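Trainee:
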Amino acid sequence: MKAFLVALLVAGSVARFVSVANAQLPPGSVKTVGTAHSHSVSLPLSQMTPCPGAIGSAAPGRKSEPGGNFLSEPIVSFDGLHVGELPAGDDCSLGGYASDDSGAVGFDHYVQFVNTAIVVYDKSGNVLAGPVSTTTFWQSQPDCGGPTQIWSDAVVRFDRYANRWVVSRPGGGPYGQDLCMAVSQTSDPTGPYDQYAFEVNNTTNQLAGFFNDYPKISVFTDAYYATADPNKIFSGLGNTISAFERAAMLTGNPDPKFVTFFVPAPRNPFQTTRSHMLAADLEGTRLPLRDTPEYVVQVQDSHLGFPAGRLQVYEFHVDWDSPSSSTLVPTASLVPQPFNSNACHDEFVCIEQPGAQRLDSLSYGYMMQRLTYRNFGPRQTLLLNHTVAAGGDPSQDHAGIRWYELRMTTRGRTRSPWEIYQQGTYAPDANDRWLGSIAMDRNGNIALGFNVSGASVFPSIHYVGRRPTDPLGTLPSGEMSLIDGGGVQLGPGNTSFGDYSQMTIDPVDDCTFWYTGTYYLTTNNLNDWHTRIGSFRFTNCHGSDEVSDK
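Numbering (this note's numbering), first residue to last: 1 to 550.
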């Protein structure tokens, strides 16, 4: 299918339902609209050829009931995909690639992607389908990699409101300028998927030929959304934020519409601006009001080319009856506590390991998925996190995690502006913490998962949390271990540990957190990383309809 693209300079457009008068996008912002330029239907995942020599049903890890501390130890904990079970020389081979693990929990399944493979588990850790290489998964969709694109940068979400699974990756081909998305045809993740390619980087917005890097998708009521960095974050170009016609994709329509805004980064004569955005990912059983826009947040760092340190909130109003009428408008510009997103003196490599090379902090402007949105009725929340210099000074080579809860209040159909309700930097000792992912349960409890490593600590997967009654800006639960590493990552020259992890909430009770991250079972010079999947919850959350007003 040929996309129909319309370009509109949007620097002067003003959105509906915005309390800030004359809000404008930066000069040079461009809007394009169109339809998917290709569509295909995959084989059922259960019928795809699995990786040679891949695991069968895995023996589940430990399973326990929460007790003791107000934040439980792991309830279920089992190993996800790792290099050793995906043979070298095959499309499933993971040697030389970071894990980039993404995982989502549904009513009956847990789906995990790593850079080159997908696997489906039940909630006890038994393998139901896969591992299947991402090359095989996308083989019916040549615009999404075909037989030549092994790595994928894949992200998976569970759309609990339609009971479907949604997957994204950068496009294939010589430039990777598309965004590829797959939507399961039923609630069963082992079945077939409708697969689409959208030309979000195109000649109209002058991004054709630029790689659609680091795409992160989200689920909202009116659309699926995605942010990405054209030509990588180091290019200084800016960001794209796109809406995709969710209702059409859920029915397998071959021509779903899309709207993409390109928002250029500010030009700085002294350095290249590092710019990144995330779109809100809806959680919980209470849907937002019908006219609620999608919310997008951008961390603006004065140390990375922006004029000042800010959290910039945007409202994306998509109009599927007239896509060219859709608007993206900056609203609240929030002033956080001072921060420096450069955790390392050289910007990149400073995560300490015992007796081995240091690792990439991925702290040079990236926000960590997900930006979660939850509606409590009279108030709404947004949660986000990113890696920072723990004490604000990159010369110390000490990485911590800055996290925020933003709040908006609602009376009838009137919304207040977003405000920073609480914020904090989690760095309780000399160890480095990075690759965070944060979420909130139905009672307002917050959990943050992350990697931790240090001079005497192997790279490990930990989590921490807070209740609504705890002092603001604190995570006082005490640090819990999903799994402690047993070795370090060796080079030579390979410092990339991973790009992200993922925390999600179980839709069955809206209380149980599920988390996946990366660790090393033993020291290995073949980059033999492992991933871990586990669940936990707060003891005060039992799936009732009551929520805290704190």
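Note that CB positions come from ideal geometry on N, CA and C, so glycine has one too. Source: prediction; values computed, not measured.
1) Check whether the stretch 399-411 touches the stretch 379-388, counting contact only when three or more Cβ pairs, one atom from each stretch, lie closer than 8 Å.
2) Compute the Euclidean distance between the alpha carbons of W343 and D441, then round it to the nearest angstrom.
3) For P394, which beta-bridge partners are listed by DSSP?
4) Just list the residues that DSSP pairs S240 with in beta bridges.
5) By DSSP, does P131 sit in helix, in strand, or in coil?
6) Roughly how many angstroms separate the alpha carbons of V349 and S363, rounded to a whole number?
7) Per DSSP, what kind of secondary structure is M249 in: helix, strand or coil?
8) Quick one: give me the first and last residue of the beta strand (DSSP E) that R157 is part of.
9) Inspect the beta-carbon positions of D539 and S72 and report whether they are closer than 8 Å.
10) In chain order, which continuous runs of the beta strand (DSSP E) of length 3 or greater are located wholly inside the stretch 439-507?
11) Would you report the Cα separation of G191 and L45, rounded to the nearest angstrom?
12) Quick check: the Cα distance between A117 and T516, rounded to an integer number of angstroms?
13) Rounded to a whole number of angstroms, what is the C-alpha to C-alpha distance between T240 and T204?
14) Kindly give me the distance between the Cβ atoms of V105 and D506, rounded to whole angstroms, as I take these residues to be in contact under 8 Å.
15) So which of P26, Y463, N445 has the shortest CA-CA distance to L472?
16) Does T518 have its Cβ less than 8 Å from a Cβ in chain D?
17) Out of Y373, F497, S322, state which residue places its alpha-carbon closest to the alpha-carbon of L289.
18) Relative to the C-alpha of W418, which residue among V297, M480, D194 is closest?
19) Which residue wins for smallest C-alpha separation from S453, given the options T227, T425, M480, G485?
20) Our contact map puts G176 next to D143 with C-beta atoms below 8 Å; I'd like the distance itself, whole angstroms only.
21) Quick one: measure Cβ to Cβ for S99 and V114, integer angstroms, because I've assumed they're closer than 8 Å.
22) Please classify K216 as buried or exposed, where buried requires at least 16 other C-beta atoms within 10 Å of its C-beta.
23) If you follow the beta strand (DSSP E) that F513 is part of, which residue opens it and which one closes it?
24) Measure the CB-CB distance between D291 and F497 and report whether it falls below 8 Å.
25) When DSSP labels each residue in this structure, what does L371 get in the three-state scheme?
26) Compute the Euclidean distance between the alpha carbons of G103 and P394, then round it to the nearest angstrom.
27) What residues in its chain sit with their C-beta under 8 Å from that of Y520, if we drop five residues either side in the sequence?
28) Do you know offhand how far D79's Cα is from G130's?
29) Would you identify the three-state DSSP class for H303, choosing helix, strand or coil?
30) I need the DSSP call for L45, collapsed to helix, strand or coil.
31) If I measure Cβ to Cβ from R467 and keep anything under 6 Å in the same chain, skipping five residues before and after, which residues do I get?
32) Rounded C-beta distance between I233 and G365? I'm assuming under 8 Å.
33) Near F262, what residues of its chain come up, given a Cβ to Cβ distance below 6 Å and the 5 sequence neighbours on each side ignored?
34) Give me the Cα-Cα distance between A36 and V166, rounded to the nearest whole angstrom.
35) How is T523 classed by DSSP in three states: helix, strand or coil?
36) Using CA coordinates, which residue listed in S437, P378, I438 is at the minimum distance from T410?
Mentor: For this structure:
1) yes
2) It should be noted that the sequence gives Ala, not Trp, for residue 343. Rounded to whole angstroms, A343 to D441 spans 29 Å at the Cα level.
3) P394 pairs with nothing; no bridge assigned.
4) Checking the sequence shown, residue 240 turns out to be Thr, not Ser. Answer by DSSP bridge pairing, in chain order: A228, F262.
5) strand
6) 9 Å
7) helix
8) 155-159
9) The sequence shown places Thr at residue 539, not Asp. Yes, they are a contact pair.
10) 446-454, 457-466, 480-483, 502-505
11) 5 Å
12) 15 Å
13) 13 Å
14) 5 Å
15) N445
16) In the structure shown, chain D does not exist; there is a single protein chain.
17) Y373
18) V297
19) G485
20) Not a contact, Cβ separation roughly 10 Å.
21) 5 Å
22) buried
23) 513-519
24) no
25) strand
26) 31 Å
27) F458, P459, G485, G486, G487, V488, Q489, D528, W529, H530
28) 14 Å
29) helix
30) helix
31) N445
32) 5 Å
33) V30, N205, T240
34) 16 Å
35) coil
36) P378
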